[in-house]
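Comments concern the structure below.
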Amino acid sequence: MSLILSVAIIVFIYVVIFQIAKASEYVSILKGEEASRQQNNKINGFLMVAFLVLGFIGIYVCNKAYYGKTQLAQGAASIQGEKVDQMLFVTLIITGIVFVITQVLLFWFAYKYQEDKNRKVFFFAHSTKLELIWTAIPAIALTVLVVFGLRNWFFFTGEPPKNANVIEVTGKQFGWIFRYPGKDGIFGKKYYKNIDPATNSVGIIWDDKYAQDDIQTEQTMYVVKGQPVKLIIGSRDVIHDVGLTHFRLKMDAVPGIPTTMWFTPIYTTKEMREKTGNPNFAYEISCDQMCGNGHYSMKGIIEVVEQEDYDMWMAKQKPQYYTAFPEKDPEAVPVKADSTAKATAAKM
Amino acid sequence: MSHEAALHEGHGHEEHGHHEHHDTFLTKYVFSQDHKMIAKQFLITGMVWAVLGGLMSVLFRLQLGYPDASFPWLESLLGKWAKGGQITPEAYYALVTTHGTVLVFFVLTAGLSGTFANFLIPLQVGARDMASPFMNMLSYWFFFTASVIMMSSLFVETGPFSGGWTAYPPLSALHDASPGSKTGMDLWIISMALFVVSSLLGGLNYIATILNMRTKGMSMTRLPLTIWALFFTAVLGVLSFPVLLSGMILLIFDRNFGTSFYLSDIYVNGVGALSNEGGSAILFQHLFWFLGHPEVYIILLPAMGMVSEIMSVNSRKPIFGYMAMLGSLFAIAILAFLVWAHHMFVTGLNPFLGSVFVLLTLLIAVPSAIKVFNWLTTLWRGNIRFTPGMLFAIGFVSLFISGGLTGIWLGNAALDIYLHDSYFVVAHFHIVMGVASMFGMFAGVYHWFPKMYGRYLNNTLGYVHFWITIAGAYMIFWPMHYQGLAGMPRRYFDFSIWESFKQFAELNRFISTVAMIVFATQILFLINFFYSIFKGRKVTVLNPWESNTLEWTTPIRPGHGNWPGEIPEVYRWPYDYGKDGHDFIPQTTPVGADETGTH
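Protein chains in written order, with our numbering: chain A, 1 to 348; chain B, 1001 to 1599.
Quick look at the structure:
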C-alpha cells in the first residue's frame, strides 16, 4: 500500500513539474523569443555565481565533516606512509590552486559575460603568447610533481634494508595465509600442486630442508615496530591485493607471479589505539582487488608489537611441519599429538 | 565532396515523395541506411541502457546506503537475488559489474560516439551520407545483437558476470571461482566481441567519410572541432579495440578449451589444483588496458569536441586557439596509447617501467590544461546565451577540471600505491569520464535535437535537469574523495565489519539518497525527450542557434541525402562569430573583399 502511495506521489511530482515547464513554454512564446531568452540568461547567470559560492561552502562543510574521518587526520603508521602523506599535501596544494582559479574563472565568466545587447564581443581567435604561457606553467608544475613522486616511488619499490624481516603472504578466496621462514631464515620451497587445505595450505615441499621449520598463521600477521618488513606476496587462486591503508601501501597478489612490498611500521597497535582513542583500532589488511563474492569480507590483521612481545609470540609458534606430520613433533605426547596440532591450528 | 560525386548520388536531390515507395517502415525505421536514422537508433538504444545502468547503480547504492534495511519490493523485482528484501553479495557484484560494462561501452561509447559521429559527420562535413551506409547499418545491428546478448546474460540461472567490468582473469577465467564466472561470463565475452565488431565497422566509416567526403572548400582545418574530436575518437577505437578482442578470444580459450594464456599455479577451493602452468594473469591486464585507456578518451573526446562547438556558438565568439585545440586533441590521442600501465602500478610492474608511465601519464595534463584554458578564454568577453546545451557544456568543463586534477594524484605511482582501487578512484573516474562525458552527451542532445526531430526540447525542463544533475553529481562524488582518503576500497558489498571504514555509514546513506534524486531527474529528461519528439515546439527557422556550421543549411527535417539541391560549398572556418561586427558568418558565405584575416 505504502509502495503504491509513494509511486503515486512520485508520478504526481513529475506531472506537476512537467505542467509547469509546459506552461512556461507557452508564456515564453507569448513574450517573444528575445524577451524570454533574456530572462533565462538572467536567471541562469545568477545561478552560475550562486552555484560557485554554494559549491565552495559545500566543500568547506564536507571537509569539516569528513576530514577527521580520513587516514590523513589519523596520520601514517609507517615511514613510507609519512612520505605519501607529505606528497599528498604538496599535490593537494598545487592542484587545489588550479582548481580554485579555473572554477572561479569558469563560473564568473559565465555570469559576467551573459548576453547583453550592448556588448560587442571580442573577436579573439588565438594568441601564441598566452598559449605558450599556459603550456609552460602546467609543464613546470608537473615536472615538480613527477620528480617528487618518482623519488618516493623508487624508495618504496626499491630494496628494503638488510635487517628486514621477511614474511610470505598468500591470498586465497577469502582469507590470508602468512608464512615465516623459521629459525633458518629461509623459506622452504613450495609447489601449488602440494596444496592441502587442512595441513598444507600454501603447498610447501616438505622434503626441502628449509621447509620444516617454516611457521604458518592465518588471518593475523605479527611484525615488529621499527623493523623493516618485507612481504613476498602471492595468491592461490585469483588476483587479490594486500591493502595496507594505515601504512599507505598496497600490492597485488597474483597467482604464479610473486610480488614484493616493504615497509617500516612506526607505531605498535597499542600505541595506535591510544593515539586514535579507539580501543578497537586494528591494522586491517583489506583485499583491494575484486576477487569474488566474498571480496568485501576478506580481512586480515597486522599486529605491530615491540621486539620482546614478538619474540614471545614467535616462541609459542609451532612449525607447520608438525601440523602436517603430528607424529614427528618431538614435544607432543604421541597419543595426543593429533589433538594438540589441531588446537594450535585453531588458535592461529 | 566534389561536384561530380554529388551529382552521382542522384537520390539526394529527389524530394521525399519521389522515392517514397522504397521506404517501407522496415527500411526507414529498422534496417535504415540513413546516417541520421542510425544515429537515432544508437541514441535510443544507448538511452535504454543508460536507464538500466542507472537503475542498477540505484539498486546497489541502496545496499551501500541502507545495509540493514529490508525492501520487500526488491524481492518481488529480483527474486532469489534479493531474498528477504536485501540484495545478496552475488547480486550486488553482478549489478556493479553490469553497471560498469554497459555505461562504459554501451552508453558512453556506442550511445555517445555512435550517435553523434553518425549524426554529425555527414551533416557537418557536407556529405549525403556515410562512406558506406550499409556497413553503418551493420554497425548498429552488431551493437544491437551485443545488447541483446548482454541483456540475456542477466537472466541465466547463475547470474551475469560479476567480477568487475575489467574482467580480470583468473576470476573471469575460472568457472568455479564465482557463480558469475559461469555462463554469464561466456555471454559477456560474446557480447563484447560483437560490440568490438560494431565499433570497428562504425570507426572505419567515420574515418573514411571525414577524409574522403568533405564538400568543396572544406579543408581539414575548416572542420568544426566536433568532427576533429570524432575523427581522433574513431582512430583510437580502430587501433585499440582489436587488442581487446584478442584478449577476449584468449580468455574464451582459457575458459573453455584448456589453454593457459592467463593461468598458472592455481588451486581453487573445492576443486583442487588446476593443471594450467606458465600463463600470466597480468598479460590480460596489458591487453585490456591497451584498449581500456584509449577507451577513456574514446568516451571523452566526442564530448570535448561537442562542448567546444556548443561553447563557441553560444558565446557568439570564435573558439579560442583552434589550432591549439586540434594539437591538444592530437597529443591526447597519441598519449592515450602510451599510458595504459598506470592502471597497473600495483600489479608488481617493474618499477622503472612504472616510472616511465608516471611521466607519460602526467604529460597528458598539459594538453588537458590547454583545452581548459582555451574554453575559459572562449567564454571571456563573449555574449553568452544560456541554452540548456550551453549549460551542460559549462558543466562539462567544471567536471573535467575537478576530475582531471585528481588524475594528477592517481597518475603519480607513489600516491597510487595508496589510493589505487579506493573510492578516490571511483570519484575520479566517475567525475572525469562518467559524468563529464554524460554532460557532453546531454549538451549534444539539447543542441542538436532540433536538427534530429525538427522540434525543440522544453527549455525549463532542461534547466531543472541541468541544475539538479550538476549539484547532485558533485554531492555524490565529492565526498567519495574523503572515503578514498580513508582507504575505503571499491567493490565492497558491506563495510560494517571494517573498523577502518565503517565510520562512513551516514555519508553512504547521504550519497545513496542524492543518487536516487539524480536518477529521478534523468527520468524527467526522458519524459522531455520522448514528449518533445512528438509534441515539442516546432522549429520554424532553418538555423535556430544562429550557428555557422553546415548542418543548419539543410531543411528543417532533412530527408535521406541531407540537402535537397546541391551540397553547399564552404569558404571559411566555422568559428567566425562576432567578426567585423557580424554576429555570425556561416561557412557557406564567401569571403568578402574587405574582410580582415581569414582562416
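Glycine residues also receive a C-beta, built at the ideal position from the N, C-alpha and C atoms.
Reduced DSSP category for residue i - H, G, I as helix; E, B as strand; rest coil
i	result
S1139 of chain B	helix
H240 of chain A	strand
Y1262 of chain B	coil
F1161 of chain B	coil
D1129 of chain B	coil
K275 of chain A	helix
S1032 of chain B	coil
V1307 of chain B	helix
D252 of chain A	strand
E218 of chain A	strand
V1464 of chain B	helix
E1014 of chain B	Its pLDDT being 41, under 50, E1014 of chain B is placed unreliably in this model, and the coordinates cannot settle the point.
W1563 of chain B	coil
Where residue i falls, given that 16 or more other Cβ within 10 Å makes a residue buried
i	result
G1487 of chain B	buried
A1333 of chain B	buried
H246 of chain A	buried
D1265 of chain B	buried
F1352 of chain B	exposed
S1512 of chain B	buried
K250 of chain A	buried
P279 of chain A	exposed
G185 of chain A	exposed
E115 of chain A	buried
L1250 of chain B	buried
Q1124 of chain B	buried
S1496 of chain B	exposed
P1590 of chain B	exposed
R151 of chain A	exposed
G1164 of chain B	buried
K64 of chain A	exposed
P161 of chain A	exposed
F1025 of chain B	exposed
Pairwise C-alpha distance: residue j and residue i
i	j	result
D1580 of chain B	F124 of chain A	12 Å
T269 of chain A	V305 of chain A	7 Å
Q145 of chain A	F1031 of chain B	Note that residue 145 of chain A is Leu in the sequence shown here, rather than Gln. If I take the Cα positions, the gap works out to 53 Å.
I1556 of chain B	P1122 of chain B	16 Å
L1419 of chain B	G1484 of chain B	7 Å
G1054 of chain B	H1099 of chain B	7 Å
G55 of chain A	N44 of chain A	16 Å
F1042 of chain B	A1110 of chain B	7 Å
L1349 of chain B	Y113 of chain A	49 Å
T276 of chain A	F263 of chain A	21 Å
G1114 of chain B	F1143 of chain B	10 Å
Y1322 of chain B	M1306 of chain B	14 Å
Y296 of chain A	G1327 of chain B	44 Å
I1044 of chain B	G300 of chain A	47 Å
Y1423 of chain B	F1429 of chain B	10 Å
Limits of the unbroken beta strand (DSSP E) element including residue i
i	result
T260 of chain A	259-263
R1255 of chain B	Careful: R1255 of chain B lies outside any beta strand (DSSP E), inside the alpha helix (DSSP H) at 1225-1256.
T1101 of chain B	Not the beta strand (DSSP E): T1101 of chain B falls in the alpha helix (DSSP H), residues 1089-1101.
V1339 of chain B	Run containing V1339 of chain B: none; DSSP gives neither H nor E here.
I349 of chain A	Only positions 1 to 348 of chain A appear in the structure, and residue 349 of chain A is not among them; the question remains open.
Contact test: residue i Cβ vs the ligand HEM heavy atom, cutoff 8 Å
i	result
G300 of chain A	In terms of ligand content, the structure shown is empty, and the ligand HEM therefore cannot be addressed.
Continuous alpha helix (DSSP H) stretch holding residue i: start and end
i	result
T1378 of chain B	1365-1379
G1403 of chain B	1388-1411
G81 of chain A	79-112
Min CB distance residue i to chain D below 9 Å
i	result
D1580 of chain B	Looking at the structure shown, chain D is missing, and the protein chains on hand are A and B.
Could you please tell me which residues of the region 1494-1506 of chain B, in chain order, have their CB closer than 9 Å to any CB of chain A? D1494, F1495, I1497, W1498, E1499, S1500, F1501, Q1503, F1504
Any residues in the region 1348-1361 of chain B with a beta carbon nearer than 7 Å to a beta carbon of chain A? Which ones, in chain order? G1348, P1351, G1354, S1355, V1358, L1359
Using a Cβ-Cβ cut-off of less than 9 Å, give me the residues of the region 1137-1156 of chain B that come near chain A, in sequence order. none
Mind listing which residues of the region 110-123 of chain A have their C-beta closer than 7 Å to chain B's C-betas, in chain order? A110, Y113, Q114, E115, D116, R119, V121, F122, F123
With 9 Å as the C-beta to C-beta threshold (strictly closer), list the residues of the region 1463-1479 of chain B near chain A in chain order. Y1463, V1464, F1466, W1467, I1470, A1471, Y1474, M1475, W1478, P1479
Check each residue of the region 273-288 of chain A: if its Cβ is closer than 8 Å to any Cβ of chain B, include it; give the result in chain order. N278, N280, F281, A282, E284, S286, C287, D288
Would you list, in chain order, the members of the region 1365-1386 of chain B that have their beta-carbon closer than 9 Å to a beta-carbon of chain A? A1365, V1366, P1367, S1368, A1369, I1370, V1372, F1373, N1374, W1375, L1376, T1377, T1378, L1379, W1380, R1381, G1382, N1383, I1384, R1385, F1386
Compile a chain-ordered list of the residues in the region 1294-1321 of chain B whose CB is closer than 7 Å to at least one CB of chain A. R1316, K1317, P1318, F1320, G1321
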